[in-house]
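Chemist: Quick one: the structure is below, and I'll ask about it shortly.
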Amino acid sequence: MSEKIAVIGAGINGVFAAYYLAYSGYDVTVFDRGDIDSGTSGRFHGMLHSGARYATNDAVSAGECITENRRISGMASRYVEDTGGFFLAANDDESDFGDKLYDACRKVGIDITEVPIEEFIRENPQLSMARRAMRVPDKVIRSYEFVVSVAASAHLLGADIKTFSEVKKIDLSDGSVAGLEYERHGKIYKEKFDVVVNATGPFSGKILERSGLRQTPVMPSAGVMVVLEGRVSTSIINRMREPSDADILLPYWNNSILGTSAVVVEDPDSFSPEAEDIEMMIDDMADLVPAIRKMPVKRFYYSVRPLIEEESEDARSASRSFRILSEEGLNDTLLSVVGGKFTTGRLVGEEVAQRVMRHFGTVSDLKDPDLEETVQAFEKRYSSDPIIARSIGRRGTIDEEYAGIAEAYAISSIIGGGK
Ligand SMILES: Cc1cc2nc3c(=O)[nH]c(=O)nc-3n(C[C@H](O)[C@H](O)[C@H](O)COP(=O)(O)OP(=O)(O)OC[C@H]3O[C@@H](n4cnc5c(N)ncnc54)[C@H](O)[C@@H]3O)c2cc1C
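Residue numbers (the numbering used here): 31 to 449.
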């Protein structure tokens, strides 16, 4: 097909949109002002949600999460650690909340099981403060390798990926998009496109504002995560209560990641956390997991959620579902993605592609990327690349798992150069 589609943003939503659009036969170009996965998708908490966290207050998002959790686990087992998750109560109020959580999870089809507390503590003596325990299918996902492999699948289908290329402005003419202007290596370029997909996440309002368009209803909500040295548990620990600050402790490589907070911010590019945020989170989780007080804080990091602004009073009550919005008067030639979770990025990409196909009156069955095939095809096609060759050479050595990250860097730098 000759229709040209620009996708702005190479986070989870942008790379899946690019993959499905390229699969449908469109001529796709992806732009990111940084590397692939350099936005919120590369700075999140690391959970492939079962949906249990949202089951009591956001059934739509919980349902999307459990469906996508199963689908992504099948598609990307190489990047997913099936740690499982526990909801644990630290006090009577949290124990009481367990009944509501159990019913809500069952209603949306999340497999939740109560584990007798004596049995749980026998198996997890370091978590002896727990009063009640329920197991859910939460998992851990390694973001960078996963997002790069989806981008690589799009590249193999012909998508042109331009990293370190900032879109400055979307150009319009007579009720549709005309193209865009972007800066790459200090030079400004103009390119024509038939459709532009704004997948810039929390930054989606900025690009529209610069183009003289109406802002998306995005509510940027910042969150901090604390990286602690060592693991408390091989499973994810959730507080048995409504979503709140410091309610998740997640094992990642040899560390634990504690998070998170939720503060609505004016500008997603200028947020920096306070030392008190970190102390508050450690104090709160220590009620349930006293051991974390003795775990050295290695570092912290933060990012901004692209939450939907409508109908919500604050960042905690805002929906975790997503919308694909069309700019008024532009006849679906400019689509902006708002909201969502890392867990639901595949679904966003699929719906974006369906929306674009509807616009052009075309129909095509969509197939998920085969990420194993993608990695093998890459290794074959680019076997002379020195980093790819070295990372293949680490197979069968003590560091095989870590070489996957090096390989993702190599793939990203090969495909990010554009054509
Ligand atoms: C603290 C926190 C913890 C979270 N934890 C989880 C979790 O455990 N599990 C889960 O499922 N979800 C989690 N989420 C939500 C999830 O991370 C986000 O919903 C998701 O990553 C958003 O993806 P995105 O593609 O929309 O945005 P992004 O990943 O931010 O991608 C947007 C991209 O656009 C690029 N960009 C911006 N402006 C321009 C421009 N002008 N030109 C070119 N490129 C541009 C950026 O560089 C960026 O790479 C968390 C979010 C936060 C904030």
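The C-beta atom is built at its ideal place from N, Cα and C for all residues, glycine as well.
Taking the beta strand (DSSP E) that Ala182 falls in, what are its first and last residues?
Modeler: No beta strand (DSSP E) contains Ala182, which is instead part of the alpha helix (DSSP H) from 173 to 186.
Chemist: Taking the beta carbon of Ala305 as the centre, do at least 16 other beta carbons fall within 10 Å, making it buried, or is it exposed?
Modeler: Flag for Ala305 reads exposed.
Chemist: Which residue comes first and which comes last in the beta strand (DSSP E) that contains Gly369?
Modeler: That run of the beta strand (DSSP E) goes 364 to 369.
Chemist: Name the DSSP beta bridge partners of Asn284, please?
Modeler: Answer by DSSP bridge pairing: none, since Asn284 is not bridged.
Chemist: Quick one: using the 10 Å Cβ neighbour count with 16 as the cut-off for buried, is Asp112 buried or exposed?
Modeler: Exposed is the call here.
Chemist: Are the C-beta atoms of Tyr50 and some chain B residue less than 7 Å apart?
Modeler: In the displayed structure, chain B is absent; only one protein chain is listed.
Chemist: Tell me, which residues are paired with Ser206 by DSSP?
Modeler: Answer is Ser203, bridged to Ser206.
Chemist: For the pair the segment 131 to 151 and the segment 172 to 185, tell me if three or more CB-CB distances fall below 8 Å.
Modeler: At 8 Å Cβ cutoff, the stretches do not touch.
Chemist: Measure the C-alpha to C-alpha separation of Thr427 and Ser356 and round it to an integer number of angstroms.
Modeler: Taking the straight line joining both Cα atoms gives about 50 Å.
Chemist: Out of Thr373, Val405, Lys397, which one is the CA nearest neighbour of Gln384?
Modeler: Nearest C-alpha to Gln384: Lys397.
Chemist: Just to confirm my understanding: we take Tyr282, look at its own chain, exclude 5 residues before and 5 after, and list those with CB closer than 7 Å. What are they?
Modeler: Hits under 7 Å: Gly76, Val170.
Chemist: Does the distance between the C-beta of Phe233 and the nearest non-hydrogen atom of ligand 1 fall short of 6 Å?
Modeler: For ligand 1, at least one heavy atom lies less than 6 Å from the Cβ of Phe233.
Chemist: Rounded to the nearest angstrom, what separates Val166 and Ile417 at their Cα positions?
Modeler: C-alpha separation (whole angstroms): 39 Å.
Chemist: Using 8 Å as the threshold, is the segment 77 to 95 in touch with the segment 213 to 227, meaning 3 or more CB pairs across them?
Modeler: At 8 Å Cβ cutoff, the stretches do not touch.
Chemist: DSSP on Asp313, reduced to helix/strand/coil?
Modeler: Residue state, collapsed to three classes: helix.
Chemist: Taking 7 Å as the threshold (C-beta atoms), are Ile266 and Leu280 in contact?
Modeler: Cβ atoms of Leu280 and Ile266: closer than 7 Å.
Chemist: Which residues does DSSP list as the beta-bridge partners of Met325?
Modeler: Answer is none; Met325 lacks a bridge partner.
Chemist: Less than 6 Å between C-beta atoms, sequence neighbours within five positions excluded: which residues of the same chain meet that for Asp307?
Modeler: The residues are Val254, Ser291.
Chemist: Cβ of Pro303 within 7 Å of Cβ of Tyr331?
Modeler: Not closer than 7 Å, so no.
Chemist: Looking at the unbroken alpha helix (DSSP H) that takes in Asn43, where does it start and where does it end?
Modeler: Counting along the chain, the alpha helix (DSSP H) containing Asn43 begins and ends at 42 to 53.
Chemist: Between which two residues does the beta strand (DSSP E) harbouring Phe150 extend?
Modeler: Not the beta strand (DSSP E): Phe150 falls in the alpha helix (DSSP H), residues 147 to 153.
Chemist: Based on Cα-Cα distance, which residue from Val248, Phe116, Gly379, Ala40 lies nearest to Thr143?
Modeler: Checked all of Val248, Phe116, Gly379, Ala40; the closest Cα to Thr143 is Phe116.
Chemist: Tell me whether Met77 counts as near ligand 1, meaning its Cβ is closer than 6 Å to at least one heavy atom of that ligand.
Modeler: Yes, since a heavy atom of ligand 1 falls inside the 6 Å radius drawn around the Cβ of Met77.
Chemist: Should Glu467 be listed as close to ligand 1, given that the test is whether its C-beta is under 6 Å from any heavy atom?
Modeler: This structure cannot speak to residue 467, because the chain is shown only from 31 to 449.
Chemist: If you scan the segment 63 to 135 from start to end, which runs of the beta strand (DSSP E) of 3 or more residues do you find wholly inside it?
Modeler: Qualifying beta strand (DSSP E) stretches, in chain order: 115 to 119.
Chemist: Within the same chain, show all residues whose beta-carbon is closer than 8 Å to that of Ser415, passing over the 5 residues directly before and after it, in chain order.
Modeler: Checking the displayed sequence, the identity of residue 415 turns out to be Asp instead of Ser. Around Asp415: Ala440, Ile444.
Chemist: Do Lys137 and ligand 1 come close, with the Cβ less than 6 Å from some heavy atom?
Modeler: Outside the cutoff, so no.
Chemist: Have a look at Gly39, Lys371, Glu402, Gly447 and flag the residue whose alpha-carbon is nearest the alpha-carbon of Lys198.
Modeler: Closest by alpha carbon: Gly39.
Chemist: Regarding Asn43 and ligand 1, is the C-beta to nearest heavy atom distance less than 6 Å?
Modeler: The answer is yes for Asn43.
Chemist: Between Val386 and Tyr49, how many whole angstroms is the CB-CB distance? I'm expecting something under 8 Å.
Modeler: Wrong, their Cβ atoms sit about 13 Å apart, outside the cutoff.
Chemist: Could you tell me the distance, in whole angstroms, from the CA atom of Arg240 to the CA atom of Ser234?
Modeler: Cα to Cα, the separation comes out at about 11 Å.
Chemist: At a cut-off of 6 Å, would you count Phe223 as near ligand 1, judging by its Cβ distance to the nearest heavy atom?
Modeler: No; taking the cut-off as 6 Å, the Cβ of Phe223 has no heavy atom of ligand 1 nearer than that.
Chemist: Please name the residue, chosen from Arg161, Arg329, Arg350, that lies closest to Val378 on a Cα-to-Cα basis.
Modeler: Val378 has its Cα closest to that of Arg350, out of Arg161, Arg329, Arg350.
Chemist: Measure the Cβ-Cβ separation of Ser80 and Ile96 and say whether it is below 7 Å.
Modeler: Against a cut-off of 7 Å, the Cβ pair of Ile96 and Ser80 comes out as a contact.
Chemist: Quick check on Met249: does DSSP put it in helix, strand or coil?
Modeler: The answer is strand: DSSP assigns Met249 an E or B state.
Chemist: Quick one: what does DSSP say Leu298 is sitting in, helix, strand or coil?
Modeler: Note that residue 298 is Pro in the sequence shown, not Leu. Pro298: coil per DSSP, three-state reduction.
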